[in-house]
Structures are given as structure tokens and as C-alpha cells.
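Undergrad: Residues are numbered in this note's numbering as their position in the sequence shown, beginning at 1, plus a constant of 295.
Backbone N, C-alpha and C fix where the C-beta goes; we use that ideal spot for every residue, glycine too.
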Amino acid sequence: MTTSDTHDWQAFYRASGLTPVINVSGTMTGLGASSAGQPVVDDCAAILPHFVKMHELQALASETIARLTGAEAGFVTASASAGITLSIAGCMTGLDPAAAERLPDTAGLRNEVVIQAGHLCHYGAPVDQSIRLAGASVVPVGQSTQVLDHQLTGAINERTAAALYVVSHHVVDYGQIPFDAFVALCHKADVPVIVDAASEYDLTGFIEAGADLAIYSAHKFLGGPTAGLVAGGAGRVPAAYLQNIGIGRGMKVGKESIYGAIAALKAWEVRDHAAIRKAERHTLDTWLAALVDRPGIHARIVPDPTNNPLDRLRIDVDQVAAGASARAIAAALAASDPAVIVRDHEVEQGWIQLDPCNLLDGQAVTVAEELAAICEAASEGRLAEPDVTVWRNQSVDGYLTWGR
Ligand SMILES: *Cc1c(COP(=O)(O)O)cnc(C)c1O
């Protein structure tokens, strides 16, 4: 998100000594998730010195979440991942505080959660772990590339506590049961549907289509502080909220994140989406212009795969003609100063993407300049090819080598 007070965005890095980063990869946990706008920054700061009644603050959040999602109620938690765990737990315990305190021991409770096999993705952690963390067991339905109605119906039994539906570019995007049909089948069997919509712009559609609980990240497109939002029915939301006396304690959210998430929702309500898309389009055109007539480099604008109102620049790289692979170009951008981090989860297929939605003033032009310089270096044979095995494992190696 572009904010007017960040003209000299490098000042923060000079003061902190941290590596300057321009994020064109999307809202990534590994890069600090979101760039918060000024109203969010102001409200996070405003509440920090003060004591509040947390139930009252969460009731304020509930009102705001309800207004924006069309749900009856809601609350704020540490992350969308926490929201999934607390929602599953709530579906198991209901409003029984003793059961909430016993978790992850689920003796005597319904404790199975059905999920389509193609939805068992990794969003930085395995989605099935967010289920197991509550003490529930995961019941995969169908196979990764084909899930049929009878398989869902057949997987549901008297121990089924909930069904989880994941909306994401990370899931298999064909062969799964569509949301409406999934809800109809689950509701026919009296099973509540929890939807992980962490990264979706559509705040109302899943609730409207019958989701019992819908979960969003406050720190993705909303531009909020790191937090998760749980929205849903007046019966389900309090049971999930109750988990704060139990397993939710380790997922505690601060008052600043709750108040900041409310500010982000209010900013979303009045956001000029058309103007933002226009600015993003201008950024994409700037990048396109930097890449025209470069051998082996084919750039084009592509829509978001889950229909979020967002376009990205896809850059296909012909390694022989360009003088380097897409992976080498991504690595060189990441090693630049400032570091430019691109969307590279499909790099083995020969392309990277650039996401225009998290830029501060001046950064789009810097990205264009770095892109041009690195393509130039590639065409002159000056880019090294990264080790593929090292590259593939870098997300976990960052943890294994940290602190040493
Ligand atoms: C990002 C994401 C999550 C995790 O969200 P956090 O708020 O970072 O915990 C979960 N599910 C999906 C589909 C996501 O995209």
C-alpha cells in the first residue's frame, strides 16, 4: 500500500541497520507481511499506552468485522493460522470451558475434520497442522486431483466436528468440490463449514454462500498489523473465542493488533479501489516498458488465480536466449541493493511474477531499473546460476542456519 509519509522509505533501514527490501512478491510472512497505512499505524500507536477491557475491544472488533463481512459476529486473533485452530477447537468444544481447557485432549468430543485432499497445502506451515494443533484428526477426502461428492459424504460420520475449505493459489485448482456444493453437502450432514480465506479480497461472499466461520489475515490485502480475523455466526464465534482460556493463549493477540485491525477494516471500507488499481496498472506498465525488446524475456500482465481484483506481471524467461534462467534473475534481484523480492514459487517452470500491491513511493521505478540492469547482465553472461537444491530448500534453511 502506498502511503504519503514514506517518501524517504530508506530512512528506516539506515536507522535500523536492516537490509532495504522492496517487496514485489505479495504479502509474505518472511518479509513482515503487510505495509500498514497511516491510519493503521496511528491507531496501533494510540492504544499502546492505555489499559482497556479486552472483551470490550474485541466487541468493537466484532461489530466492525460483522459490518464488513455480513457475518453476525467476529473476533481478532494472532493470525489466520491461529484462526483456523481456534475455529476447529470451537467446533469441538462449543461453549464448554472445561473441554476448552482439556484440549488438545479431545476425549468425548467430536474430533474429526474433513478436508479435500487438494486443499492440503503449505502456506508457510502445513494447513493440516493448524487442524491437528487443536487435537483434532485430519480426514483427507478424495485424492489431490479428484474429489467427488460421495467421497465427502462418505468421510462424514458421528465424530465429524467440522469441514475445512481452503481458498488459495496454493491449492489444486481443479477437480475439487466447488464451495457451494461443499457447503450444501456438509450442511445436509449437519457439519459446520470453516473457510480459510486468509488471502482473499472478498469479505462477504463466503459468509453469504453459507460458511459458518470465515477466516482472513489482517496483514494481507487489508494492510493491517499482523493478526487474523474470524467471522461467523453468533453461535460459532463465541465458541472459537472461548479458546483464549486454553490453546489460544499461545496465540495471544495484542491490543495494538486488534485496534489496528479495526483501523485496517475501516480503511478498507472507504478505500478507493479503482484509484489503487489504476496506480498498480501504471506500475505494471513501467515494468513492461523496462523489459521490451530483451531477448528471451517475455513479460505480460496476468490476473490473480483466485479472482482477487489484482493483476501481476508474469515474466517468462527463455534461459538460452536470455543468458540466464528465471531462477538466476530472481536470485540476482534478491541480492541487489535494495533487495527486490519477487514471486518465485513457479520458478522451476521458467517464470517469475511481480506483484505491484505492496509498494511505497518511488519503489516501482527502482524495481524497473534493477530489472533492466539484471536482464542486461544476463544477456552479457554475467549472472551465475543458483544451485537448484540450495534454492529449493532455502525457506527451511533460513531457519536451520539462523542464530549460527
Ligand atoms: C497466508 C495464508 C494463511 C496463513 O495466514 P496467517 O495470517 O499468516 O497465519 C493461511 N491460509 C492461506 C490460504 C493463506 O494464504
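Do ILE510 and ALA529 have their C-beta atoms within less than 8 Å of each other?
TA: Position 215 of the sequence shown, counting from 1, holds the residue named residue 510. Position 234 of the sequence shown, counting from 1, holds the residue named residue 529. Cβ atoms of ILE510 and ALA529: not closer than 8 Å.
Undergrad: I'd like the span of the beta strand (DSSP E) that includes GLN411, first residue to last.
TA: Numbered from 1 along the sequence shown, position 116 holds the residue referred to as residue 411. Counting along the chain, the beta strand (DSSP E) containing GLN411 begins and ends at 407–411.
Undergrad: Quick one: grab the DSSP three-state call for ARG677.
TA: Start at 1 with the first residue of the sequence shown, and residue 677 comes out as number 382. The answer is coil: DSSP assigns ARG677 none of H, G, I, E or B.
Undergrad: Please list the segments of the alpha helix (DSSP H) lying wholly inside the region 480–521, counting only runs of 4 or more residues, in order along the chain.
TA: The qualifying runs are 500–503.
Undergrad: Would you identify the three-state DSSP class for ALA366, choosing helix, strand or coil?
TA: Mapped onto the sequence shown, residue 366 falls at position 71. DSSP places ALA366 in coil when its eight states are reduced to three.
Undergrad: Is the closest heavy atom of ligand 1 to the C-beta of GLY265 under 7 Å?
TA: The shown model of the chain, from 296 to 699, leaves out residue 265, and the question about it has no answer.
Undergrad: Give me the Cα-Cα distance between ARG397 and GLY541, rounded to the nearest whole angstrom.
TA: Stepping through the sequence shown from its first residue, residue 397 is reached at position 102. Stepping through the sequence shown from its first residue, residue 541 is reached at position 246. Rounded to whole angstroms, ARG397 to GLY541 spans 8 Å at the Cα level.
Undergrad: Could you have a look at ASN539 and say whether DSSP puts it in helix, strand or coil?
TA: Here residue 539 is taken as the residue at index 244 of the sequence shown, counted from 1. Residue state, collapsed to three classes: helix.
Undergrad: Could you tell me whether the region 523–537 touches the region 443–454, where touching means 3 or more Cβ pairs closer than 8 Å?
TA: Output reads no: the region 443–454 does not touch the region 523–537.
Undergrad: Out of GLN658, ILE472, ALA679, which one is the CA nearest neighbour of TRP304?
TA: Position 9 of the sequence shown holds residue 304. Ranking the options by Cα distance to TRP304, first place goes to GLN658.
Undergrad: Starting from the C-beta of VAL597, find all residues in its chain whose C-beta is less than 8 Å away, skip the five residues before and the five after it, and write them out in chain order.
TA: Position 302 of the sequence shown, counted from the first residue, corresponds to residue 597. Only ASP606, ARG607, LEU608, ARG609, GLN648 meet the Cβ criterion.
Undergrad: Please find out if some non-hydrogen atom of ligand 1 comes closer than 7 Å to the beta-carbon of VAL461.
TA: By 1-based counting over the sequence shown, the position of residue 461 is 166. VAL461 Cβ: within cutoff of ligand 1.
Undergrad: Count the other C-beta atoms from every protein chain shown that fall within 10 angstroms of the C-beta of THR314, then say buried if there are 16 or more, exposed otherwise.
TA: Counting from one through the sequence shown, the residue named residue 314 turns up at place 19. Classification of THR314: exposed, given that the 10 Å Cβ count is below 16.
Undergrad: Taking a contact to mean a Cβ-Cβ separation below 8 Å, would you say ALA476 touches CYS386 in this structure?
TA: Sequence index remark: in the sequence shown, residue 476 carries index 181 (1-based). Sequence index remark: in the sequence shown, residue 386 carries index 91 (1-based). No, the Cβ-Cβ distance between ALA476 and CYS386 is not below 8 Å.
Undergrad: If I'm right that ALA395 touches LEU537 with Cβ under 8 Å, what's the distance once you round it to whole angstroms?
TA: The sequence position of residue 395 within the sequence shown is 100, counting from 1. The sequence position of residue 537 within the sequence shown is 242, counting from 1. Going by Cβ atoms, the distance from ALA395 to LEU537 rounds to 5 Å, so yes, they are a contact pair.
Undergrad: Let me confirm a value: THR578 is counted as buried when at least 16 other C-beta atoms fall within 10 Å, else exposed. Which label applies?
TA: Indexing the sequence shown from 1 puts residue 578 at position 283. Buried is the call here.
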